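A.B. asks: Residue numbers (the working numbering), protein chains in the order written: chain A, 1 to 368; chain B, 1001 to 1368; chain C, 2001 to 2368; chain D, 3001 to 3368. One structure follows; several queries about it will come next.
Number of protein chains: 4
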Amino acid sequence: MRFTQSSLIVGELATGQELSIPVYRLPAQDLGAPKVFIQANVHGAEVQGNAVIFQLMKQLETMDVQGEVTLLPLANPLGINQKSGEFTLGRFDPITGVNWNREYLEHHCDIPAWYQQHSHLSDTELYHDFRLMLLAGCDAHLAQSWGVTTGKRLAVSLQKLAHQADIVIDLHTGPKSCKHLYCPEYDQHAASYFSIPYSLIMPNQFGGAMDEAAFCPWWQLVEYAASQGREMTVPVSAFTLELASQERIDMKDALVDAMGILAYLSHRGVVADKVEPVAMARYGCLLADYKKYHAPKGGLVEYLAAPGVLLKAGQPLANILRLDCYGTQEELTSVQLAQDCVPILHFASASVYQGTELYKMMTNIFEL
Amino acid sequence: MRFTQSSLIVGELATGQELSIPVYRLPAQDLGAPKVFIQANVHGAEVQGNAVIFQLMKQLETMDVQGEVTLLPLANPLGINQKSGEFTLGRFDPITGVNWNREYLEHHCDIPAWYQQHSHLSDTELYHDFRLMLLAGCDAHLAQSWGVTTGKRLAVSLQKLAHQADIVIDLHTGPKSCKHLYCPEYDQHAASYFSIPYSLIMPNQFGGAMDEAAFCPWWQLVEYAASQGREMTVPVSAFTLELASQERIDMKDALVDAMGILAYLSHRGVVADKVEPVAMARYGCLLADYKKYHAPKGGLVEYLAAPGVLLKAGQPLANILRLDCYGTQEELTSVQLAQDCVPILHFASASVYQGTELYKMMTNIFEL
Amino acid sequence: MRFTQSSLIVGELATGQELSIPVYRLPAQDLGAPKVFIQANVHGAEVQGNAVIFQLMKQLETMDVQGEVTLLPLANPLGINQKSGEFTLGRFDPITGVNWNREYLEHHCDIPAWYQQHSHLSDTELYHDFRLMLLAGCDAHLAQSWGVTTGKRLAVSLQKLAHQADIVIDLHTGPKSCKHLYCPEYDQHAASYFSIPYSLIMPNQFGGAMDEAAFCPWWQLVEYAASQGREMTVPVSAFTLELASQERIDMKDALVDAMGILAYLSHRGVVADKVEPVAMARYGCLLADYKKYHAPKGGLVEYLAAPGVLLKAGQPLANILRLDCYGTQEELTSVQLAQDCVPILHFASASVYQGTELYKMMTNIFEL
Amino acid sequence: MRFTQSSLIVGELATGQELSIPVYRLPAQDLGAPKVFIQANVHGAEVQGNAVIFQLMKQLETMDVQGEVTLLPLANPLGINQKSGEFTLGRFDPITGVNWNREYLEHHCDIPAWYQQHSHLSDTELYHDFRLMLLAGCDAHLAQSWGVTTGKRLAVSLQKLAHQADIVIDLHTGPKSCKHLYCPEYDQHAASYFSIPYSLIMPNQFGGAMDEAAFCPWWQLVEYAASQGREMTVPVSAFTLELASQERIDMKDALVDAMGILAYLSHRGVVADKVEPVAMARYGCLLADYKKYHAPKGGLVEYLAAPGVLLKAGQPLANILRLDCYGTQEELTSVQLAQDCVPILHFASASVYQGTELYKMMTNIFEL
């Protein structure tokens, strides 16, 4: 089956040209199967997710797809086209500095009040009405009389598509990074399907990102219902996949990640074909144990610890070279950590100010 | 009396050069008089505050200054030197996008617990210990073993100076702006001393800015004490003065604002000389009534409404020119608002994306 | 008569979206009347030319237009949409740094050889063939097998339109600027038609700008022919109009400049209606006498000399404020010049590095 | 022997802080041995040269150094510290867009006239006076009454140091690059000493770079003398070494390149110790045969051809992925070239506009 193509208009440039995003869709064959929404490239330099969507489409076209699939590559036309020197300045709005992935809408819904009004409904009806409420919240936000910012319009337009799905996957990358996954705690088992060795286990806290925007309200609803004595499962799954490094297109590796996503979709019944997950060691780390190491001084950095490889306490993490201090003890500083960790990503540039986020590392990792 | 000069080191560049800020200080003659801390230019393009500090210094050197005065111009050496084309890209960290004025530390202190432990103290002792607790919080944050970001180091270093003062004044500007003042609700009378026509009346809510960082913990303490039946005044006053437009140095106008600040300092007993506030109409607006108007479409903008001048409902705010739509109704769109307002500032550029924050305006203004 | 609209495609973004420019055209009623090409906004922040084109169109639609008129507003979609902070970073290619207005093609044609081959032709035929040669040069450049840069594609695409015209007008602005005009020496009389007080008289030297790209080859041809004893006039007129400051749309002032352009077009017979030039003093300055004054030190700048107003030797040009030097002779430096001049423009930002181009000024001005 | 450290002041920031560069020097033991000047990091992201200087210093301190050695790491403090997002925007002046490596001074000296006046001198005297003339030219340029730009001040300050040396080495890197060398034609044999496989053979043409600034005037002098019947060798050698990719510090690889430089310095008698060049295949390519391949369309790029590896005609160079064209022939375009070449470097980002310089490749290479 072939995907149909349409466009999502998310803004307008100063010259009047529309900011439009291609939307690819396969219709549901079974309305009971979960609906899927996958987007890529909300951060301008993080292009590999587009290649994964490309490979996904090639696979899905030959498969027996039960649930509706909506794919949105190139999700941030403003960010993707924002060059600064030889790189893509697409992490934050160039005017305001706001991170494009922190603009999603927090629904400040009064869950207890809403639940009291709707508690007589069946689970299915409850989910249906809650979803409508979330969509109405997005619409109301976009329709404000004083307008909304460029970034908010983009984010909430994407969020409306996400709220219509049961499975939401946001494809990102790190700067110089190994593959890792953001996974909500209630869905931890899902991490064993993707072709990704490291998973961050997230709590029920909204920080502005797409995955949180998709799952937090549902999780809150389910938790509140539980407090009222009603057990429900969280009906929406949402993940952020970090597909190694930014500024990289690798078609073969994209196929690997596409197959991992398909393994999960197969498990969930979105595709009827059986796709087995890759056998590999998979590790988890609580988000609270995910640490940022900041450059203790300015200088030039030799990154010694490779992302994805265990670093024992005391092993060299990086060297900081200071030519202005040649001949002193400061000329070359070896940086170590006092505890074991797995470096997940490091800064993209080899020169840093004091305080630059040098590495992000998982500590206290456990097998999944 | 002459100011002494010292340096505050707030970071280190990639080349190893220190980021240092000049600090000017007059010692107290009367230890009972309020201590003052004034900084300028935390946003790189907002330079006029430096000229105001210059004029303040020239005045203070000839006056009878009772309380300690600490002045910190050029407070963000990284931001001030960050050029992009012919302008200063100094509003946010060029690496992370984080607004330099949203990096101050929120002290997540457990006020009820702290108060229970210290409620036996006199007001003066209580204030003293609370201040020490705030300073210790800053020190602890800077000493974290994983380090802190460049922006956090800068902000918390400044905050430590601010926490030592009773009066904190942060000098900013808008993009294209008239003069206005951020003033906490409990200190509303202070607005009648500065040479500034428009004041935003702020609630007790931390949003990351210096003024809030300086007054919020104290206000929370006083409110909690009140809930426990003890009446105290908030002992710290903190204001942000927006000195018209960015990318502007005007020495004469700087003297006007310096005299306004001196009128307030005279009222507070920091200087023994009598400096009368300028007689002028002064208006207030609750922060909740301060509205952002976003560009309803992309295009070229003719700003018609001048900052600081009342705009009646239905009067033209701006024209949006769309050359790509010549010959259609979209070629020139006149924008109006449905209610009276005072435009306080508008965007610095004449070309905008859809959603760009075009104007900020006060609504429901009242005389102070 | 109404303009027809078409699009010029000048490139493609990373997301695949086309870079397109609206082209407005009125056909010739008299093929003998000069053809006109006017473009605006090649530098992204220099938007006022679009407003002038808008006003020109409104006027021309009611006039008796004899010659073909081609108008190209928003001529650099990439530059116009390139924001950096609150300003438009549209002066140079964000990837390469090359000034968008230095990318036009220099035709390295062997004029003597070409002339020998074509000297038997009548003037009209000679002009015709020369024009075809220029157009063929542009086409050949765009068709190179190794490709051309983004900026070259844009510039040469515009240049092809310009080479088809007899009158070429490129609408720019300065940073903070009064109106001024770049006028080739052989066309000096033309300066008396535009509504512009100051003109720079240009020699026959290619520096990469549109006006030079349009007139230099013709001027070289005519000079060579003169050296061979044949007198011809330069058949192409090309001007750059600097319409005051960037980041500004002013519809009324745009009408003033539109009328000035119409006065010139009326004089040249493009429009049959009589449009008189505004009576005003007009001054010239040789390009060699147009001086750049660079900041003698880093610091904050109070610009004292207003663009367009004669500054006598020794009068204050600017103050440079140095808060880090408070209390020394360096705290406030007054800058003067040793000779009379007319400041034409100054830098857009109030903080400068040592060496920043502070002012451009005309020296040795003369009445036109 | 230990290096002495001093500072070269090359400018002043807006905050007043000096732009200073560390200068390391070993004095000559034999005044007849060639003087050496090596600088690194004129482009902000090209940091590896600093590591090479570090390793050079460690080696030279233990060696028998005959000629004066001057080393200047971190040569562009403004560029090195200019961050934009996670990368270093240090290729061009952020205000003007001018490439930092195109700012060196072209001495428009009238060689024939100068030679006539000095032809009676011995070679040594002639060289001496010519060198003084070049230095005086630099001084005069810096002392201009209207000032010089920030970039010019930096470049000419560096150039003054270079003009005092007999051997000038400028350490750069490419974006994603293999090692290569710019070598003037007259010094082609020198390429066999450095640890670098590919050399670009340069003609006698000034393009604004340091190596050209150092050798061009001398080459012109020698050529003119030859035309007057006097044979001299060009007494100055100048090279640009491109040390693989930018944004990379690799201390081991830096030692490899330091040893290559030492092999050349040993050959030239700067160090008395014998350092043998590494045995390796070395290839040359005329600068005229060094080709830039521009992206034929916008899109996402999978770089397939590795820098430094021969690519046969018709082999895949890169894929251009276009998600907006999924399902059409444009979805994935394979790019090939019609001739054999060695890709030397490619663009640093995986998303490109149409026209972006995708690859630079050597064609018609020959063994050295």
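The beta-carbon is built from N, C-alpha and C at its ideal position, and this holds for glycine as well. Keep in mind that this is a model prediction, so the values were computed, not measured.
1) Skipping 5 residues on each side, what residues in its chain have a beta carbon closer than 6 Å to that of V3256 of chain D?
2) Quick check: what's the CA-CA separation for H108 of chain A versus Q220 of chain A?
3) Compile a chain-ordered list of the residues in the region 3317-3347 of chain D whose CB is closer than 7 Å to at least one CB of chain C.
4) Applying a beta-carbon distance threshold of less than 9 Å, which residues of chain B neighbour P296 of chain A?
5) Can you tell me which of the three DSSP states T2240 of chain C falls into?
6) Taking a contact to mean a Cβ-Cβ separation below 8 Å, would you say G1049 of chain B touches L1243 of chain B in this structure?
7) If you draw a straight line from the alpha carbon of G1265 of chain B to that of D1170 of chain B, how long is it in whole angstroms?
8) Give the secondary structure of V352 of chain A by DSSP, where H, G and I count as helix, E and B as strand, and everything else as coil.
9) If I follow the unbroken alpha helix (DSSP H) through K1152 of chain B, where does it start and stop?
10) How would you label S199 of chain A, buried or exposed, when you count the other beta carbons within 10 angstroms and need 16 or more for buried?
11) Name the chain B residues whose beta carbon is nearer than 9 Å to that of L3074 of chain D?
12) Counting along the chain, where does the alpha helix (DSSP H) carrying I3111 of chain D start and finish?
13) Would you say E46 of chain A lies against chain C (beta-carbon separation less than 8 Å)?
14) Using CA atoms only, rank isn't needed, just tell me which of C:Y2182, C:G2151, C:I2249, C:F2003 is closest to D2093 of chain C.
15) With H, G and I counted as helix, E and B as strand and the rest as coil, what does DSSP make of L89 of chain A?
16) Under the DSSP definition of a beta bridge, which residues are partnered with K3083 of chain D?
17) Please state the DSSP three-state secondary structure of M3001 of chain D.
18) Pull up the CB-CB distance for L3428 of chain D and A3306 of chain D, whole angstroms please, since I reckon it's below 8 Å.
19) Which whole-angstrom value describes the C-beta separation of G2085 of chain C and I95 of chain A, a residue pair presumed to lie in contact below a C-beta threshold of 8 Å?
20) N3081 of chain D touches chain B at which residues, Cβ-Cβ below 7 Å?
21) May I have the straight-line CA-CA distance separating L1310 of chain B from I38 of chain A, to the nearest angstrom?
22) Could you run through the region 77-104 of chain A and flag, in chain order, every residue whose CB is less than 8 Å away from some CB of chain B?
23) Could you check where the beta strand (DSSP E) with C2178 of chain C kicks off and where it finishes?
24) Less than 8 Å between CB atoms is the rule here; does V301 of chain A satisfy it with respect to chain D?
25) Tell me the residue span of the alpha helix (DSSP H) that contains M2063 of chain C.
26) Buried or exposed: L2132 of chain C, going by 16 or more other Cβ atoms within 10 Å of its Cβ?
27) Give the range of the beta strand (DSSP E) segment to which T3333 of chain D is assigned.
28) How long is the line joining the alpha carbons of M251 of chain A and Q3315 of chain D, rounded to whole angstroms?
29) Quick check on T3363 of chain D: does DSSP put it in helix, strand or coil?
30) If the cut-off is 8 Å on Cβ atoms, which residues from the region 2022-2034 of chain C count as contacting chain B, listed in chain order?
31) Beta-carbon of D3369 of chain D versus every beta-carbon of chain A: anything under 8 Å?
32) Closer than 6 Å by C-beta to V42 of chain A: which residues in its own chain qualify, once you throw out the five before and the five after it? Chain order, please.
33) Taking Cβ-Cβ distances shorter than 7 Å, what residues in chain B pair up with I2249 of chain C?
34) Could you give the distance in angstroms between the alpha-carbon of K176 of chain A and the alpha-carbon of P2217 of chain C?
35) Beta carbon of S1237 of chain B, beta carbon of D1187 of chain B: below 8 Å?
36) Can you tell me whether S3349 of chain D is buried or exposed, with buried defined as 16 or more other CB within 10 angstroms of its CB?
C.D. replies: The structure says:
1) Here residue 3256 of chain D corresponds to residue number 256 of the fourth sequence, with the count starting at 1. These residues qualify, in order along the chain: S3195.
2) Residue numbering aside, residue 108 of chain A sits at position 108 when the first sequence is read from its first letter. Residue numbering aside, residue 220 of chain A sits at position 220 when the first sequence is read from its first letter. About 11 Å.
3) R3322, D3324, C3325
4) For the purposes of this step, residue 296 of chain A is identified with residue 296 of the first sequence, where counting begins at 1. In chain order: G1147.
5) Taking the third sequence and counting its residues from 1, the one referred to as residue 2240 of chain C is at position 240. It is a strand residue.
6) Counted from its first residue, the second sequence places residue 1049 of chain B at position 49. Counted from its first residue, the second sequence places residue 1243 of chain B at position 243. Their beta carbons are under 8 Å apart, which means G1049 of chain B touches L1243 of chain B by this criterion.
7) As a first step, residue 1265 of chain B must be located in the second sequence, where it is residue number 265. As a first step, residue 1170 of chain B must be located in the second sequence, where it is residue number 170. In the sequence under discussion, the amino acid at residue 1265 of chain B is Leu, which differs from the Gly named in the question. About 14 Å.
8) Position 352 of the first sequence, counted from the first residue, corresponds to residue 352 of chain A. In the structure shown, V352 of chain A sits in a strand (DSSP, three-state: E or B).
9) Mapped onto the second sequence, residue 1152 of chain B falls at position 152. Unbroken alpha helix (DSSP H) run through K1152 of chain B: 1150-1163.
10) The sequence position of residue 199 of chain A within the first sequence is 199, counting from 1. S199 of chain A should be labelled buried.
11) As a position in the fourth sequence, residue 3074 of chain D is number 74, starting the count at 1. Result: A1014, T1015, G1016.
12) Position 111 of the fourth sequence holds residue 3111 of chain D. I3111 of chain D -> alpha helix (DSSP H) spans 3111-3118.
13) Working through the first sequence from its first residue, we reach residue 46 of chain A at position 46. No, E46 of chain A lies away from the interface with chain C (no Cβ there is under 8 Å from its Cβ).
14) For the purposes of this step, residue 2093 of chain C is taken as the residue at position 93 of the third sequence. Closest by alpha carbon: C:G2151.
15) For the purposes of this step, residue 89 of chain A is taken as the residue at position 89 of the first sequence. Coil at L89 of chain A, not helix or strand.
16) Here residue 3083 of chain D refers to the residue found at position 83 when the fourth sequence is read from its first residue. Partner(s): D:T3088.
17) The sequence position of residue 3001 of chain D within the fourth sequence is 1, counting from 1. Coil.
18) No answer is possible for residue 3428 of chain D: the residues shown for chain D start at 3001 and end at 3368.
19) Along the third sequence, read from residue 1 onward, the residue named residue 2085 of chain C stands at position 85. Along the first sequence, read from residue 1 onward, the residue named residue 95 of chain A stands at position 95. Rounded, the Cβ-Cβ distance is 6 Å, consistent with contact.
20) Counting from 1 along the fourth sequence, the entry for residue 3081 of chain D is found at position 81. Within 7 Å Cβ-Cβ: L1013, A1014, T1015.
21) In the second sequence, counting from the first residue as 1, residue 1310 of chain B sits at position 310. In the first sequence, counting from the first residue as 1, residue 38 of chain A sits at position 38. The straight-line gap from Cα to Cα measures roughly 48 Å.
22) L78, R91, F92, D93, I95, T96, G97, V98, N99
23) Within the third sequence, numbered from 1, the residue matching residue 2178 of chain C stands at position 178. Where C2178 of chain C is concerned, there is no enclosing beta strand (DSSP E), given that its DSSP letter is neither H nor E.
24) Against the first sequence, residue 301 of chain A aligns to sequence position 301. Answer yes: the Cβ-Cβ gap between V301 of chain A and chain D drops below 8 Å somewhere.
25) Position 63 of the third sequence holds residue 2063 of chain C. M2063 of chain C -> no alpha helix (DSSP H), and no H or E assigned at all.
26) Position 132 of the third sequence, counted from the start, is the residue given in the question as residue 2132 of chain C. Result: exposed.
27) Here residue 3333 of chain D refers to the residue found at position 333 when the fourth sequence is read from its first residue. Start and end: 3332-3336.
28) Start at 1 with the first residue of the first sequence, and residue 251 of chain A comes out as number 251. Start at 1 with the first residue of the fourth sequence, and residue 3315 of chain D comes out as number 315. Going by the C-alpha atoms only, they are around 17 Å apart.
29) Start at 1 with the first residue of the fourth sequence, and residue 3363 of chain D comes out as number 363. Residue state, collapsed to three classes: coil.
30) P2022, Y2024
31) Residue 3369 of chain D cannot be examined here, being either before or after the span of chain D that is shown, 3001 to 3368.
32) Here residue 42 of chain A refers to the residue found at position 42 when the first sequence is read from its first residue. So the qualifying residues of the chain are A75, N76, W100, N101.
33) Taking the third sequence and counting its residues from 1, the one referred to as residue 2249 of chain C is at position 249. The contacting residues are L1300, V1301, E1302, L1321, A1350.
34) Here residue 176 of chain A refers to the residue found at position 176 of the first sequence. Here residue 2217 of chain C refers to the residue found at position 217 of the third sequence. Cα to Cα, the separation comes out at about 51 Å.
35) Working through the second sequence from its first residue, we reach residue 1237 of chain B at position 237. Working through the second sequence from its first residue, we reach residue 1187 of chain B at position 187. In contact: S1237 of chain B and D1187 of chain B (Cβ atoms closer than 8 Å).
36) Position 349 of the fourth sequence, counting from 1, holds the residue named residue 3349 of chain D. With 16 or more Cβ atoms within 10 Å of its Cβ, S3349 of chain D is classed as buried.
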